[in-house]
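Colleague:
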Amino acid sequence: MAYAARARRSPSCRDRARRRGRDRRGARLQQGRDRAHLAVHGAARVPRSRDAARATATVGGAWPAGGAGARRRDPARDRLVSGVLVTGGAGFIGSHLVDALLACGERVRVLDNLDPLAHPSGEAPAHLPAEVELLVSDLRDREAVDRALEGVDRVFHLGGVVGNGESMVNVRRAVDANCGGTATLLEALLARRDRIRRLVVASSMVVYGEGAYECSEHGVVAPPVRSLEQLRRRDWEPRCPRCGRTLVPAPTSEERPLHPTSVYGITKRDQEELTLVLGAAYGLEAVALRYLNVYGPRQALANPYTGVAAIFAARLLAGRRPRVFEDGAQIRDLVHVSDVARATLAAMEAPEAAGHAINVATGRQVTILALARDVATALGAELEPDVTGEFRAGDIRHCFADTTRARELLGFEASRTLADGLPELAAWVAHQTVEERGDEAVSDLRARGLIG
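Heads up: the sequence shown runs through residues 2 to 453, numbered per my numbering.
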């Protein structure tokens, strides 16, 4: 598919406010009344416990009666007084998106089940602002989803379970949460599609499986998944399916066929395709964002299955060497969470983004071994990575992004580099206390024959 050659600037908060109607004075009066309501009623809390997470609970400032951001009769101001729902908004990426939305003057509601893998205490995180309405419930609960959608005209869907390794162990949990939760949300959205302007869903690089490759003889090729026999020979690099030559990794564009290599990857592909197919069929604007390796403050250090930078940081924080599988030459594309939040915000407003899947990444390459050393340096830890020479079933070899589509449709380019992003991560990690569970996770995978 062809795209316009010109790049568009990512819309700023000021741009969005300017587009939201000309009658700002009346809207500001209404917002003032709403803020007064929050000032009086926003301090109410319910117990922030795992028991509360099992049923729908409201934490933080509730929106005015009549539904969150209930619609008034003046259509010129309709978008100013409508609300935004962020599923998974208490989590790593979601909470940064919430911050960005609040900075733009949005009224934000979060639906999150406070999964113990991301929230070990079972409580709402301290970084979630008080003015956010938090509904503690599961995405598969249709009644809770309907409640969360009251008064909402835009939805960011970031909720779900994450992690390639975890999904290979707890298959049903991953499929139920990601596919079932997305299906429930979509049914609820389609029932009120005349009131929903757009849905942005968080997809992932894992939908690709292996990234793109080039053969010196046959050009761009899609290699098959590395076989167990190949991995057991410690023959790490993908081979050309036509001539057997070692392939050279290339930027992965959105046109690449999707061949996920893990249960998690399958669920993310299904989330994305459910969203885009149903959106097209019902006339609901939808965008899927394929995040690459996201890192930054608030990453779930207690989850040993996801976030390579966080996994390394948690090991180092515990005084242990970062564990590196294979030979450490695997290539990844690390993108800072603040850039991801900015791209996600842009995807809601960019007119030409609807109906597309879009990579969110830097386009820059880093090897896993180099990343482990860089994280150690940022933390001031004099620990050399432990290169195990082992493999994990479901892991890919290389993937970094072609970012052309994000630049052309969203006006987005990542601004943060590892050189400035890792010290920020290290400064945050230094103030965290976490029980490092990497050895436990590896033992579990090894017992199941998923590490060799």
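All C-beta atoms in this analysis are idealised placements derived from N, C-alpha and C, irrespective of residue type, glycine included.
Computed from a prediction, not measured in an experiment: that's the story for all the values here.
Can I473 and L275 be called in contact, C-beta distance under 9 Å?
Modeller: Nothing in the structure corresponds to residue 473, since the chain is present only between 2 and 453.
Colleague: Count the C-beta pairs between the segment 223–236 and the segment 185–204 that are closer than 8 Å, then say yes if the count reaches three, no if not.
Modeller: no
Colleague: Just mark Y209 as buried or exposed, buried being the case when its beta carbon has 16 or more other beta carbons within 10 Å.
Modeller: As a position in the sequence shown, residue 209 is number 208, starting the count at 1. Its Cβ being crowded by 16 or more others within 10 Å, Y209 is buried.
Colleague: Over the uninterrupted beta strand (DSSP E) stretch that includes N360, give me the two end residues.
Modeller: To locate residue 360, count along the sequence shown from 1; it is residue 359. N360 -> beta strand (DSSP E) spans 358–361.
Colleague: With a CB to CB cut of under 6 Å and the five nearest residues on each side skipped, what residues in its chain are close to A311?
Modeller: Your numbering for residue 311 matches position 310 in the sequence shown. Excluding residues within five positions, the ones whose Cβ falls inside 6 Å are Q300, L302.
Colleague: Where A354 and L410 are concerned, what is the direct C-alpha to C-alpha distance, given to the nearest angstrom?
Modeller: Along the sequence shown, one-based indexing puts residue 354 at 353. Along the sequence shown, one-based indexing puts residue 410 at 409. Here the alpha carbons of L410 and A354 stand approximately 6 Å from one another.
Colleague: At which residues does the beta strand (DSSP E) containing N294 begin and terminate?
Modeller: Numbered from its first residue, the sequence shown carries residue 294 at position 293. Unbroken beta strand (DSSP E) run through N294: 294–296.
Colleague: Leaving out five residues on either side along the sequence, give the residues of the same chain with a beta carbon under 7 Å from the beta carbon of Y283.
Modeller: Locating residue 283 in the sequence shown gives position 282, counting from the first residue. Excluding positions up to five away in sequence, the list reads L191, R194.
Colleague: Only counting the same chain, and skipping five residues up and downstream in sequence, which positions put a Cβ closer than 6 Å to that of L86?
Modeller: The residue you call residue 86 lines up with position 85 of the sequence shown. The answer, listed in chain order, is R110, A149, V153, V156.
Colleague: Give me the Cα-Cα distance between T363 and D340, rounded to the nearest whole angstrom.
Modeller: Position 362 of the sequence shown holds residue 363. Position 339 of the sequence shown holds residue 340. C-alpha separation (whole angstroms): 9 Å.
Colleague: Closer than 8 Å is the cut-off here; do at least three beta carbon pairs connect the segment 165–178 with the segment 102–109?
Modeller: no
Colleague: State the DSSP-derived secondary structure class of I332, mapped to helix, strand or coil.
Modeller: The count along the sequence shown starts at 1 and reaches residue 332 at position 331. It is a strand residue.
Colleague: Which residue marks the beginning of the beta strand (DSSP E) containing Y214, and which one marks its end?
Modeller: Counted from its first residue, the sequence shown places residue 214 at position 213. First-last of the beta strand (DSSP E) with Y214: 213–216.
Colleague: Less than 9 Å between the C-beta atoms of C244 and E218, yes or no?
Modeller: In the sequence shown, residue 244 corresponds to position 243, counting from 1. In the sequence shown, residue 218 corresponds to position 217, counting from 1. Yes, Cβ-Cβ distance for C244 and E218 is below 9 Å.
Colleague: With DSSP as the reference, label A56 as helix, strand or coil.
Modeller: Start at 1 with the first residue of the sequence shown, and residue 56 comes out as number 55. Low per-residue confidence applies at A56: pLDDT is 44, beneath 50, and the placement is therefore not dependable, though the value from the model is reported in the following sentence. Coil.
Colleague: What are the boundary residues of the alpha helix (DSSP H) that V172 is part of?
Modeller: The count along the sequence shown starts at 1 and reaches residue 172 at position 171. Counting along the chain, the alpha helix (DSSP H) containing V172 begins and ends at 172–176.
Colleague: Helix, strand or coil for V388? Go by DSSP, reduced to three states.
Modeller: On the sequence shown, position 387 is the one that residue 388 refers to. Here V388 sits in strand by DSSP.
Colleague: Taking C-beta to C-beta, are V288 and D334 nearer than 9 Å?
Modeller: Translated into positions along the sequence shown, residue 288 becomes position 287. Translated into positions along the sequence shown, residue 334 becomes position 333. Against a cut-off of 9 Å, the Cβ pair of D334 and V288 comes out as no contact.
Colleague: Is A415 near H357, with beta carbons less than 9 Å apart?
Modeller: On the sequence shown, position 414 is the one that residue 415 refers to. On the sequence shown, position 356 is the one that residue 357 refers to. Cβ distance not < 9 Å, so A415 and H357 don't count as in contact.
Colleague: On the three-state DSSP scale, how would you describe H120?
Modeller: Position 119 of the sequence shown, counted from the first residue, corresponds to residue 120. Here H120 sits in coil by DSSP.
Colleague: Only counting the same chain, and skipping five residues up and downstream in sequence, which positions put a Cβ closer than 8 Å to that of E255?
Modeller: For the purposes of this step, residue 255 is taken as residue 254 along the sequence shown, with counting starting at 1. Here the set comprises R291, H357, A358, I359, N360, D403, R406.
Colleague: Given a threshold of 16 other Cβ atoms within 10 Å of its Cβ, counted over all protein chains shown, does A220 qualify as buried or as exposed?
Modeller: For the purposes of this step, residue 220 is identified with residue 219 of the sequence shown, where counting begins at 1. The question names Ala, but residue 220 in the sequence shown is Gly. It is exposed - the Cβ of G220 has fewer than 16 other Cβ atoms within 10 Å.
Colleague: For L423 versus Y296, is the C-beta distance shorter than 9 Å?
Modeller: Translated into the one-based positions of the sequence shown, residue 423 becomes position 422. Translated into the one-based positions of the sequence shown, residue 296 becomes position 295. Yes, Cβ-Cβ distance for L423 and Y296 is below 9 Å.
Colleague: Note down, one range per segment and in chain order, each alpha helix (DSSP H) of at least 4 residues found wholly within the segment 77–152.
Modeller: 93–104, 143–149
Colleague: Could you tell me the distance, in whole angstroms, from the CA atom of A427 to the CA atom of V376?
Modeller: By one-based count along the sequence shown, residue 427 stands at place 426. By one-based count along the sequence shown, residue 376 stands at place 375. For A427 and V376, the distance between alpha carbons rounds to 8 Å.
Colleague: How long is the line joining the alpha carbons of C180 and K269, rounded to whole angstroms?
Modeller: On the sequence shown, position 179 is the one that residue 180 refers to. On the sequence shown, position 268 is the one that residue 269 refers to. Whole-angstrom Cα-Cα distance: 8 Å.
Colleague: Residue ranges of each alpha helix (DSSP H) run of no fewer than 4 residues wholly in the segment 365–448, ordered along the chain?
Modeller: 369–380, 419–430, 439–448
Colleague: With distances taken Cα to Cα, identify the nearest neighbour of G459 among D177, L229, L259, R143.
Modeller: Lying outside 2 to 453, the shown extent of the chain, residue 459 is not represented and no answer is given.
Colleague: Evaluate P352 with the Cβ neighbour count: other Cβ atoms within 10 Å of its Cβ, from every protein chain shown; 16 or more gives buried, anything less gives exposed.
Modeller: For the purposes of this step, residue 352 is identified with residue 351 of the sequence shown, where counting begins at 1. Per the 10 Å Cβ criterion, exposed.
Colleague: How is the alpha helix (DSSP H) around R316 delimited, first residue to last?
Modeller: Here the question's residue 316 lines up with position 315 in the sequence shown. Where R316 is concerned, the enclosing alpha helix (DSSP H) stretches over 309–318.
Colleague: What is the DSSP secondary structure of S339, reduced to helix, strand or coil?
Modeller: Looking up residue 339 in the sequence shown gives position 338. Reduced to three states, the DSSP call for S339 is helix.
Colleague: Count the CB pairs spanning the segment 118–136 and the segment 319–326 that are closer than 8 Å, and state whether there are at least three.
Modeller: No, the segment 118–136 is not in contact with the segment 319–326.
Colleague: Does the Cβ of D139 have 16 or more other Cβ atoms within 10 Å, making it buried, or fewer, making it exposed?
Modeller: Looking up residue 139 in the sequence shown gives position 138. So D139 counts as buried.
Colleague: Since E391 and F326 are thought to touch, with beta carbons under 8 Å apart, how far apart are those beta carbons, to the nearest angstrom?
Modeller: The residue given as residue 391 occupies position 390 in the sequence shown. The residue given as residue 326 occupies position 325 in the sequence shown. Their Cβ separation, rounded to whole angstroms, is 6 Å, which keeps E391 and F326 in contact under 8 Å.
Colleague: Strictly by DSSP, which residues pair up with V156?
Modeller: Residue numbering aside, residue 156 sits at position 155 when the sequence shown is read from its first letter. Per DSSP, L86, L200.
Colleague: Excluding five sequence neighbours on each side, which residues of the same chain lie with their C-beta closer than 7 Å to the C-beta of A189?
Modeller: As a first step, residue 189 is located in the sequence shown; it is residue number 188 there, counting from the start. Taken in chain order, the residues that qualify are R143, V146, D147, L150.
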